[in-house]
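Residue numbers (the working numbering), protein chains in the order written: chain A, 3 to 216; chain B, 3 to 216; chain C, 3 to 216. Scroll down for the structure; my scribbles are underneath it.
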Amino acid sequence: MLPAMNIAPIHIDTLLYGIGIAAVAVNAASGVLEAGRRPFDLFGMIVVALVAALGGGSLRDVLLDRTVFWIADQSYLIAAIVAGLLTFTVVRVLRLPARLFVLPDAVGLALFTVSGTQAAMALGAPWLVASLMGVITGVFGGILRDVLCNQVPLVFSSELYATASWAGALLLVGLVSWGVPTGWAALAGGASVLVIRMGAIFFGWRLPVFIARP
Amino acid sequence: MLPAMNIAPIHIDTLLYGIGIAAVAVNAASGVLEAGRRPFDLFGMIVVALVAALGGGSLRDVLLDRTVFWIADQSYLIAAIVAGLLTFTVVRVLRLPARLFVLPDAVGLALFTVSGTQAAMALGAPWLVASLMGVITGVFGGILRDVLCNQVPLVFSSELYATASWAGALLLVGLVSWGVPTGWAALAGGASVLVIRMGAIFFGWRLPVFIARP
Amino acid sequence: MLPAMNIAPIHIDTLLYGIGIAAVAVNAASGVLEAGRRPFDLFGMIVVALVAALGGGSLRDVLLDRTVFWIADQSYLIAAIVAGLLTFTVVRVLRLPARLFVLPDAVGLALFTVSGTQAAMALGAPWLVASLMGVITGVFGGILRDVLCNQVPLVFSSELYATASWAGALLLVGLVSWGVPTGWAALAGGASVLVIRMGAIFFGWRLPVFIARP
Chain A
3 MLPAMNIAPI HIDTLLYGIG IAAVAVNAAS GVLEAGRRPF DLFGMIVVAL VAALGGGSLR
63 DVLLDRTVFW IADQSYLIAA IVAGLLTFTV VRVLRLPARL FVLPDAVGLA LFTVSGTQAA
123 MALGAPWLVA SLMGVITGVF GGILRDVLCN QVPLVFSSEL YATASWAGAL LLVGLVSWGV
183 PTGWAALAGG ASVLVIRMGA IFFGWRLPVF IARP
Chain B
3 MLPAMNIAPI HIDTLLYGIG IAAVAVNAAS GVLEAGRRPF DLFGMIVVAL VAALGGGSLR
63 DVLLDRTVFW IADQSYLIAA IVAGLLTFTV VRVLRLPARL FVLPDAVGLA LFTVSGTQAA
123 MALGAPWLVA SLMGVITGVF GGILRDVLCN QVPLVFSSEL YATASWAGAL LLVGLVSWGV
183 PTGWAALAGG ASVLVIRMGA IFFGWRLPVF IARP
Chain C
3 MLPAMNIAPI HIDTLLYGIG IAAVAVNAAS GVLEAGRRPF DLFGMIVVAL VAALGGGSLR
63 DVLLDRTVFW IADQSYLIAA IVAGLLTFTV VRVLRLPARL FVLPDAVGLA LFTVSGTQAA
123 MALGAPWLVA SLMGVITGVF GGILRDVLCN QVPLVFSSEL YATASWAGAL LLVGLVSWGV
183 PTGWAALAGG ASVLVIRMGA IFFGWRLPVF IARP
């Protein structure tokens, strides 16, 4: 999941690794929250949590023919399961509103986008493919989560979700190709995902919508 | 699909192979029964049957980067198609109730769980990943079947379906790591899947459910 | 996507390549048209377009463990995005009816079926697997498109869609195994897909349907 490891100094690796684990945990929590609106049992919820947390990265790895990240390193799997169980317990007891998760979810989107784009670039993927891998990593977990819950993926109609991801991924790819060090490019790309997503939520930024004739 | 082949004596291999074919056939039948409630044509039903029968194992093989089992051995594909066509014909003529398939379906779940877990262990996957591969093999065919039929996967809310699979897979992994021979561990794991699933159906065993606030 | 390259003379390759690009573009357009009936934003529509255009071929490549075609050659990805954006613009301005796309869609189905079957044969897949890879390439883009839009895949109930694909793929495999040159076999296979599909649309050819008891 973090292919830049042999480029960046060790403490950045550790930071990126922790960030990756955090992103997985946040997405697992979002899966439980979504599944919780339906009459799923505990295990069904955990499956949805795992799909939400690991689905995007798994799809990226399968498409790029890399070892799937959570098979290579079980920690991601454990983080997703623990986060799912914790969310299940906490939400049940405290009855937290789902809106609370908007910020961590946006952070997760930024992290997944950056790590996905970097993974593809490290394998020598061309720019458009690399940026798309960032988007796939960022949003496909959520898409698969919604498909499993039998609803239209929120991502497609929600406030600049995938758009924020793609913009950040393109910025990252562009900066790297212009010679900016990977670490700074990743920071800029991730930050722009966050800013666009937050702007969409709090200021109502939107892309055009059209409804075709039946 | 049966990676333990060079460990176990030949007659156990043959048994496991036959069991694998039977599991594929049973799942194909479940696909036709599910698709049959919708206005699909014969071919659509066969596609749903194939996805139900081969989807879980395919996902496992793709994630583990093995050759997909039904591409390596066409027999599985043929078994799924024949079983699908047979079910289509028989159900149409005899009008059997779907409840009849609960027992073979539980047997299929047990078989897929065992074969999936063994496949992952043979590739050296860590215990949690190995057990999850058993679950994926066991339940993802059914999940994909329901997604294609545009309904919430039955697995998530039905009686200890995935739970039975995971419990059996964990037992199998645990027994093997404690030195129990693969054959006996597989038997114990598979049997426990069956027992839990049957207990859930006939005695109403359940996991906790929670419905989150909207 | 075009594995016959080193067999056929160069101008056939170029033709097949152009045809592959065209098929991707047509499927992307169908994705936008389908997504356009829902309140997706521009980006959501592009994602659905990409899945419709590239999903079937990606699934085929992942199952066959080949490099995914649009990662190996970015042109497909660009064709899909451009076609998606163009359709979005044109449909919005001109308000074309969706029925217009029936013919190009059938051509796309024929092209995908042929290229998918050929790709699998080139890798030495047995006949049934090879023909199924043609079907997967031809119809899974549309299936995934409909799953993302949360509806029952049109393919399963529509006029001989997947059936036409499978019949053409089997004809292609059969002709090649009888010694017919690949180019002619591909032409015959592709043409039969078109004829069956058009016959189904205009003359109402159908496969039997059955609705099981609940």
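Glycine residues also receive a C-beta, built at the ideal position from the N, C-alpha and C atoms. From a predicted model like this one, the values you see are computed outputs, not experimental measurements.
8 angstroms Cβ cutoff, phenylalanine 204 of chain B in contact with chain C = One-based indexing of the second sequence puts residue 204 of chain B at position 202. For phenylalanine 204 of chain B, the answer is no, since every Cβ of chain C falls outside 8 angstroms of its Cβ.
Counting along the chain, where does the alpha helix (DSSP H) carrying phenylalanine 114 of chain A start and finish?
-> Mapped onto the first sequence, residue 114 of chain A falls at position 112. Per DSSP, phenylalanine 114 of chain A is one residue of the alpha helix (DSSP H) stretching across 104–124.
Which residues, taken in chain order from the segment 148–161 of chain A, show a beta carbon closer than 8 angstroms to some beta carbon of chain C?
-> Val149, Asn152, Gln153, Val154, Pro155, Val157, Phe158 and Ser159
Can you check DSSP and say which residues form a bridge with aspartate 67 of chain A?
-> Locating residue 67 of chain A in the first sequence gives position 65, counting from the first residue. Looking at the DSSP assignment, aspartate 67 of chain A forms no beta bridge with any residue, so it has no partner.
Is leucine 174 of chain A near glycine 201 of chain A, with beta carbons less than 8 angstroms apart?
-> Position 172 of the first sequence holds residue 174 of chain A. Position 199 of the first sequence holds residue 201 of chain A. Glycine 201 of chain A sits away from leucine 174 of chain A, with the two beta carbons spaced by 8 angstroms or more.
Given a cut-off of 8 angstroms, decide if arginine 62 of chain A and isoleucine 138 of chain A are closer than it, judged by their beta-carbon atoms.
-> Residue mapping note: residue 138 of chain A aligns to position 136 of the first sequence, counting from 1. Residue mapping note: residue 62 of chain A aligns to position 60 of the first sequence, counting from 1. Taking 8 angstroms as the Cβ cut-off, isoleucine 138 of chain A and arginine 62 of chain A qualify as a contacting pair.
Can you tell me which of the three DSSP states aspartate 148 of chain A falls into?
-> Your numbering for residue 148 of chain A matches position 146 in the first sequence. In this structure, aspartate 148 of chain A counts as helix in the three-state DSSP scheme.
Answer yes if the segment 105–114 of chain A comes into contact with the segment 22–36 of chain A, meaning at least three C-beta pairs across the two stretches below 8 angstroms, and no otherwise.
-> These segments touch.
Using a threshold of 8 angstroms, state whether the C-beta atoms of glycine 38 of chain A and valine 53 of chain A are closer than that.
-> Working through the first sequence from its first residue, we reach residue 38 of chain A at position 36. Working through the first sequence from its first residue, we reach residue 53 of chain A at position 51. For glycine 38 of chain A and valine 53 of chain A, no; Cβs fall outside 8 angstroms.
State yes or no: is the beta carbon of threonine 165 of chain B nearer than 8 angstroms to at least one beta carbon in chain A?
-> One-based indexing of the second sequence puts residue 165 of chain B at position 163. Yes, because at least one Cβ of chain A sits closer than 8 angstroms to the Cβ of threonine 165 of chain B.
With burial defined as no fewer than 16 other Cβ atoms inside 10 Å of the residue's Cβ, what is the status of tryptophan 186 of chain B: buried or exposed?
-> On the second sequence, position 184 is the one that residue 186 of chain B refers to. By the Cβ neighbour-count rule, tryptophan 186 of chain B is exposed, with fewer than 16 other Cβ atoms within 10 Å of its own.
Do you know how far the Cα of phenylalanine 71 of chain B is from the Cα of leucine 65 of chain C?
-> Position 63 of the third sequence, counted from the first residue, corresponds to residue 65 of chain C. Position 69 of the second sequence, counted from the first residue, corresponds to residue 71 of chain B. One C-alpha to the other measures close to 10 angstroms.
Chain-order list of residues whose beta-carbon lies under 6 angstroms from that of glycine 118 of chain A (same chain, five-residue window excluded) = The residue you call residue 118 of chain A lines up with position 116 of the first sequence. Closer than 6 angstroms at the Cβ level, and outside the excluded window around glycine 118 of chain A, lie Arg62, Met135, Gly136 and Thr139.
Confirm, please, whether the CB-CB distance from valine 141 of chain B to alanine 164 of chain B is below 8 angstroms.
-> Here residue 164 of chain B refers to the residue found at position 162 when the second sequence is read from its first residue. Here residue 141 of chain B refers to the residue found at position 139 when the second sequence is read from its first residue. Judged by their CB atoms, alanine 164 of chain B and valine 141 of chain B are nearer to each other than the 8 angstroms cut-off.
What is the residue span of the alpha helix (DSSP H) that alanine 169 of chain C lies within?
-> Numbered from its first residue, the third sequence carries residue 169 of chain C at position 167. Taken as a continuous stretch (DSSP letters only), the alpha helix (DSSP H) holding alanine 169 of chain C covers 163–179.
Tryptophan 186 of chain B: first and last residue of the uninterrupted alpha helix (DSSP H) it sits in = By 1-based counting over the second sequence, the position of residue 186 of chain B is 184. Its alpha helix (DSSP H) spans residues 184–205.
To the nearest angstrom, how far is it from the Cα of proline 128 of chain C to the Cα of isoleucine 83 of chain B?
-> As a position in the third sequence, residue 128 of chain C is number 126, starting the count at 1. As a position in the second sequence, residue 83 of chain B is number 81, starting the count at 1. Taking the straight line joining both Cα atoms gives about 15 angstroms.
Any beta-carbon of chain C closer than 8 angstroms to the one on aspartate 67 of chain A?
-> What you label residue 67 of chain A is simply residue 65 of the first sequence in a count that begins at 1. Yes, its Cβ sits closer than 8 angstroms to a Cβ of chain C.
Can you pull the chain A residues whose beta carbon is under 7 angstroms from the beta carbon of valine 131 of chain B, in chain order?
-> The residue labelled residue 131 of chain B in the question sits at position 129 within the second sequence. By Cβ distance, chain A contributes Ile73, Gln76 and Leu79.
When burial is assigned at 16 or more other CB atoms within 10 Å of the CB, is threonine 89 of chain B buried or exposed?
-> Looking up residue 89 of chain B in the second sequence gives position 87. Buried, by the Cβ-count rule.
Residue closest to glycine 110 of chain B, alpha-carbon to alpha-carbon, out of B:Ile21, B:Trp207 and B:Phe204 = Taking the first residue of the second sequence as 1, we reach residue 110 of chain B at position 108. Selected option, being the one with the closest Cα: B:Ile21.
Alpha carbon to alpha carbon, how far is alanine 81 of chain B from leucine 105 of chain C? Give it in angstroms, no decimals.
-> Residue 105 of chain C sits at position 103 when you count from the first residue of the third sequence. Residue 81 of chain B sits at position 79 when you count from the first residue of the second sequence. Their Cα atoms are separated by approximately 35 angstroms.
In the segment 166–191 of chain A, which residues sit with their C-beta less than 7 angstroms from some C-beta in chain B, listed in chain order?
-> none
Is the CB of valine 64 of chain A under 8 angstroms away from at least one CB in chain C?
-> The residue given as residue 64 of chain A occupies position 62 in the first sequence. Yes - at least one Cβ of chain C is within 8 angstroms of the one on valine 64 of chain A.
Might you give, ordered along the chain, the residues of its own chain that have their beta carbon closer than 8 angstroms to the beta carbon of alanine 169 of chain B, omitting 5 neighbours on each side?
-> Counting from one through the second sequence, the residue named residue 169 of chain B turns up at place 167. Apart from the 5 residues on each side of it in sequence, alanine 169 of chain B sits with its Cβ closer than 8 angstroms to the Cβ of Ser194, Val195 and Ile198 in its chain, given in chain order.
Does the beta-carbon of glycine 126 of chain C have 16 or more other beta-carbons within 10 angstroms, so that it is buried, or is it exposed?
-> The residue you call residue 126 of chain C lines up with position 124 of the third sequence. Under this definition glycine 126 of chain C is an exposed residue.
Mind checking which residues open and close the alpha helix (DSSP H) that includes phenylalanine 158 of chain A?
-> Here residue 158 of chain A is taken as the residue at index 156 of the first sequence, counted from 1. Residues 156–159.
Kindly list the residues whose CB is nearer than 7 angstroms to the CB of proline 216 of chain B, restricted to its own chain and excluding five residues on each side of it in sequence; keep chain order.
-> As a position in the second sequence, residue 216 of chain B is number 214, starting the count at 1. With a pLDDT of only 41 at proline 216 of chain B, under the threshold of 50, the placement of this residue in the model should not be trusted; the figure read from the coordinates follows. Around proline 216 of chain B: no qualifying Cβ.
Spell out whether any CB of chain A is found under 8 angstroms from the CB atom of proline 106 of chain B.
-> Here residue 106 of chain B refers to the residue found at position 104 when the second sequence is read from its first residue. It does not: the Cβ of proline 106 of chain B has no partner Cβ on chain A nearer than 8 angstroms.
Under a Cβ-count criterion, where at least 16 other Cβ atoms within 10 Å of its own Cβ denotes burial, should valine 93 of chain A be classed as buried or exposed?
-> Numbered from 1 along the first sequence, position 91 holds the residue referred to as residue 93 of chain A. A residue is called buried when at least 16 other Cβ atoms come within 10 angstroms of its Cβ; valine 93 of chain A meets this threshold and is buried.
Who are the near neighbours of serine 77 of chain C in its chain, counting only those whose CB is closer than 7 angstroms to its CB and skipping five residues on each side?
-> Numbered from 1 along the third sequence, position 75 holds the residue referred to as residue 77 of chain C. Closer than 7 angstroms at Cβ, skipping near neighbours: Ile23.
My guess is that valine 149 of chain C and valine 149 of chain A are in contact by the Cβ rule of under 8 angstroms, so how many angstroms apart are they, rounded?
-> The residue you call residue 149 of chain C lines up with position 147 of the third sequence. The residue you call residue 149 of chain A lines up with position 147 of the first sequence. That belief holds up - the Cβ atoms of valine 149 of chain C and valine 149 of chain A are roughly 6 angstroms apart, short of 8 angstroms.
Neighbour flag for leucine 134 of chain B against chain A, beta carbons, 8 angstroms | Taking the second sequence and counting its residues from 1, the one referred to as residue 134 of chain B is at position 132. Output row for leucine 134 of chain B: interface = yes.
Count the other C-beta atoms from every protein chain shown that fall within 10 angstroms of the C-beta of alanine 214 of chain A, then say buried if there are 16 or more, exposed otherwise.
-> As a position in the first sequence, residue 214 of chain A is number 212, starting the count at 1. Note on alanine 214 of chain A: pLDDT 47, under 50, position unreliable in the model; no value is reported.
Taking only beta carbons into account, state which residues of the segment 39–59 of chain C come closer than 7 angstroms to chain B, listed in chain order.
-> none
Thinking C-beta only, is valine 50 of chain A closer than 8 angstroms to glutamate 36 of chain A?
-> On the first sequence, residue 36 of chain A is found 34 positions in, with the first residue counted as 1. On the first sequence, residue 50 of chain A is found 48 positions in, with the first residue counted as 1. Yes, Cβ-Cβ distance for glutamate 36 of chain A and valine 50 of chain A is below 8 angstroms.
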